[in-house]
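Trainee: First, the structure itself, so that you have it in front of you.
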Amino acid sequence: MRIVQHIRKAYASRRIKRPNRNLAVDIILTIFLGSFGLFSILPLVFIISNAFKPLNEIFLFPPKLFVQNPTLDNFRDLFTIIGNSWIPFSRYIFNTVFLTLLGTAGTVLIGSMAAFPLAKYEFPGSKVMSNMIVYSLMFSSSVTGIPNYIIMSKLGMIDTYWSVVIPAIGSTLGLFLMKNNMVSIPMSLIESAKMDGASEYRIFFSIAMPLCKPAWITLIIFSFQSLWGATGGSFIYSEKLKPVSYALSQIVSAGVVRTGVASAVSLIMLIVPITVFIISQSNVIETMASSGIKE
Amino acid sequence: MSNIGTSIKNNRIFSISPFAKKKKREKQSLLSIWQQHKEKYIMIAPFALIFICFTLVPIVVSIVISFTSFNMLEFPKWVGLDNYINLLVYDDVFLIAVKNTLFFALITGPISYIMCFVFSWLINELPPKVRAVMTLVFYAPSISGNAYMIWKLLFSSDMYGYMNAWLMKFGFIKEPILWFESKQYIMPILIIVQLWLSLGVSFLSFIAGLQSIDKTMYEAARIDGVKNRWQELWYITLPAMKQHLMFGAVMQITSSLSVSGISMELAGFPSVEYAGHTILTHLHDYGNIRYEMGYASAIATILFFIMMFSNIIVQKFLRRVGE
């Protein structure tokens, strides 16, 4: 009896928290979400279970979604290969971590800093700049590669970390995202901060950024994801500056014998972005539940 | 007397001369603009510098290259509008590509956009912990690299492909369908895969946007007589999300018009009878295989104008939401 009462109470308190909802629609929508979710999570499940498959199961056709006899062989093979590489593997890891952290921090800081005045003020040049940023997203990057390369080599950035980090910092996507989020910051907050003698920088750091936390956390995810997978392409050719994803793709490209290793590699490359994703997403939710700083 | 007269005259000439006056005012105003907005310009400067160097200048250079013939070995040769004329008048494959791309974008663009919003809105209703998990679940195809390869298994052309195996098991077909070798199936499959991949950037930005809506607005609306979730959606959520909706629209327009990767991976390149040929695969053909950069740049420029045009239309439409 106690339990029933407890459940009733819990449901009643939920109803108070969420009025304007009814149970039937809730259930239908949950089923709808769940079934699409199953469809979406499929590749992730496939990658995870593939990493633990022995070779004969990987080559099984038609492939099985779930692993039958899980094994850690693929990881063991991978670590043997890694141990034999002529540049210590920690160097590749350092490169990737360095590139990713610097690039992500730069994107968030420099992008948001530029987004703030563009979102909240009108001044000569602000409209032109905003439009250029939006429309530059629409030009296919596959033809700008050559002019880009020439500019980088003129600036002496080829074969340095900067060739990856600096273009990433200038990501127009980041600025565009931040700008659209900052538009909704109430002007009255900014005005009153100004009355108290705060500079624009101060307003940006202590009002705009805290209010836009969900936006820049989302930006961290985008930036992290793209930099983590960056191979350096044609901009970095020194072996000791290459990132992990390049080294791993070299290991994988050695042919069919490495298929098992390849599936372990895909899982390892995924773990970090997914961890970052989960941490940052739960962070968004926590902060917004506790803050409530609005007009 | 005459001295005074000339000095007055001079003075008058000096003060009346419109040219001098205008020049003086402009100089002053430039300076005052700087003084008034100094902090804002300084905040923008680092980004602007990078943006100009690595985005704006390369784009402008590419547009200029589109008026030349450039094979990457010799210096570009000016050919005027030749590239554009060839593309629009003589290049039949390009016209197929444009037709395919527009068809593809007209279907995937709006549907994926609505999907992004509906899913983020539904997820937003869930309790926090579940919400974080569900966000990951729906974002999974975008985070797991070339995840769409799983579709290649599904639509494999022999009887072992899942789709063929199922259809044969239940007796719909007698022999396996060659999914990516027959013209009529390529486009529909590409559309399905693109929709499945589409919960990406806009989806996460919508989630962030929904998080930052002021909760007290819903309470206020309830007092004003908003009765169910659909009214809440139309009168509060959508108007509050306007900026995010605009952002999402730009992202969906660019992603649905610039499809190429999935087409080349799944349908092959070139695809059967160009059924999966898009503007960007055409660009890939000229830019990365034939090295005709002038022609490739012209394709990019045309795509750019198509996107710009669709963006203007969509933004006009979105301004009316919730009004």
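Residue numbers (the numbering used here), protein chains in the order written: chain A, -19 to 275; chain B, 6 to 328. All C-beta atoms, glycine included, are put in the ideal place defined by N, C-alpha and C. Please read all numbers here as calculations on a predicted model, not as lab measurements.
Taking 8 Å as the threshold, find out whether the segment 174 to 184 of chain A comes into contact with the segment 223 to 235 of chain A through three or more Cβ pairs.
Mentor: no
Trainee: In chain B, which residues lie with their C-beta within 9 Å of the C-beta of residue 204(A)?
Mentor: Annotation: residue 204(A) has no Cβ neighbours in chain B at a cutoff of 9 Å; minimum Cβ distance is about 10 Å.
Trainee: Below 7 Å CB to CB, which residues in the same chain sit around residue 258(B) once its five sequence neighbours on both sides are set aside?
Mentor: These residues qualify, in order along the chain: 114, 312, 315, 316 and 319.
Trainee: For residue 74(B), name the three-state secondary structure that DSSP assigns.
Mentor: Strand, per DSSP.
Trainee: Are the beta-carbon atoms of residue 148(A) and residue 76(A) separated by less than 8 Å?
Mentor: no
Trainee: Using Cβ-Cβ distances below 7 Å, what residues of the segment 254 to 265 of chain A are close to chain B?
Mentor: Within the segment 254 to 265 of chain A, the qualifying residues are 254, 257, 258, 261, 262, 264 and 265.
Trainee: Starting from the beta carbon of residue 116(A), find every residue of chain B whose beta carbon is closer than 8 Å, and list them in chain order.
Mentor: 56, 60, 61 and 64
Trainee: I need the boundaries of the alpha helix (DSSP H) containing residue 10(A), first residue and last residue.
Mentor: 3 to 31
Trainee: Can you give the beta carbon distance from residue 217(B) to residue 194(A), rounded, assuming they're within the 8 Å contact cut?
Mentor: 5 Å
Trainee: Check the Cβ-Cβ distances between residue 27(B) and every residue of chain A, and say whether any is below 8 Å.
Mentor: Caution applies to residue 27(B), whose pLDDT of 49 falls short of 50 and renders its modelled position unreliable; the model cannot decide the point.
Trainee: With 16 as the cutoff for other CB atoms within 10 Å, does residue 292(A) come out buried or exposed?
Mentor: Only positions -19 to 275 of chain A appear in this structure, which leaves residue 292(A) out of reach.
Trainee: Does any C-beta atom of chain A lie closer than 8 Å to the C-beta of residue 308(B)?
Mentor: yes
Trainee: So with Cβ pairs under 8 Å, would you call residue 194(A) a contact of chain B?
Mentor: yes
Trainee: State the DSSP-derived secondary structure class of residue 82(B), mapped to helix, strand or coil.
Mentor: Note: residue 82(B) maps to strand in three-state DSSP.
Trainee: Taking only runs of the alpha helix (DSSP H) that begin and end inside the segment 163 to 193 of chain A, which ones reach a length of at least 4 residues, in chain order?
Mentor: Segments of the alpha helix (DSSP H) lying fully in the segment 163 to 193 of chain A: 167 to 175 and 180 to 183.
Trainee: Any C-beta of chain E within less than 8 Å: which residues of the segment 7 to 34 of chain A qualify?
Mentor: In the displayed structure, chain E is absent; the protein chains listed are A and B.
Trainee: Just to confirm, are residue 253(B) and residue 121(B) a CB contact at a threshold of 8 Å?
Mentor: yes
Trainee: Could you tell me whether the segment 291 to 303 of chain B touches the segment 76 to 87 of chain B, where touching means 3 or more Cβ pairs closer than 8 Å?
Mentor: yes
Trainee: Checking contacts by CB at 8 Å: is residue 244(B) closer than that to chain A?
Mentor: no
Trainee: In the segment 270 to 318 of chain B, which residue ranges form an unbroken alpha helix (DSSP H) of at least 4 residues, counting only runs that do not cross its ends?
Mentor: Counting only runs of 4 or more, we get 284 to 289.
Trainee: Which one of 91(A), 28(A) and 262(A) has the shortest CA to CA distance from residue 48(A)?
Mentor: 28(A)
Trainee: By how many angstroms is the C-alpha of residue 87(B) removed from the C-alpha of residue 94(B)?
Mentor: 10 Å
Trainee: Quick test of the definition: if touching needs 3 or more C-beta pairs under 8 Å, does the segment 272 to 279 of chain B touch the segment 70 to 78 of chain B?
Mentor: no
Trainee: I want to see whether chain B comes within less than 8 Å of residue 50(A), judged by CB atoms only; does it?
Mentor: Output row for residue 50(A): interface = no.
Trainee: Looking at the structure shown, is residue 234(B) part of a helix, part of a strand, or coil, going by DSSP?
Mentor: helix
Trainee: Residue 48(A) by DSSP, collapsed to three states: which one?
Mentor: Judged by DSSP in its simplified three-state form, residue 48(A) adopts coil rather than helix or strand.
Trainee: Write down the C-beta distance between residue 264(B) and residue 285(B) rounded to the nearest angstrom, noting that I regard them as a contact closer than 8 Å.
Mentor: 7 Å
Trainee: With distances taken from CA atoms, which of 252(A), 223(A) and 254(A) is nearest residue 69(A)?
Mentor: 223(A)
Trainee: Smallest Cα separation from residue 54(A): which of 121(A), 37(A), 84(A) and 81(A)?
Mentor: When each option's Cα is compared against that of residue 54(A), the closest is 37(A).
Trainee: Under 8 Å, Cβ to Cβ, is there at least one residue of chain B near residue 3(A)?
Mentor: Cβ-Cβ to chain B under 8 Å: no for residue 3(A).
Trainee: Just the Cα atoms here: how many angstroms apart are residue 177(B) and residue 168(B)?
Mentor: Rounded to the nearest whole angstrom, the CA to CA distance from residue 177(B) to residue 168(B) is 11 Å.
Trainee: Which term fits residue 239(B), buried or exposed, when burial requires 16 or more other beta carbons within 10 angstroms of its beta carbon?
Mentor: exposed
Trainee: Using a Cβ-Cβ distance cut-off of 8 Å, determine whether residue 171(A) contacts chain B.
Mentor: no
Trainee: So is residue 27(B) buried or exposed if we call it buried at 16+ other beta carbons inside 10 Å?
Mentor: Only weak support is given to the placement of residue 27(B): the predicted model assigns it a pLDDT of 49, under 50, and the question is left unresolved by the model.
Trainee: Please give the ranges of any alpha helix (DSSP H) in the segment 96 to 146 of chain B, keeping only runs that are unbroken, at least 4 residues long and fully inside the region.
Mentor: 97 to 129
Trainee: Can you tell me the Cα-Cα spacing of residue 263(A) and residue 202(A), whole angstroms?
Mentor: 16 Å
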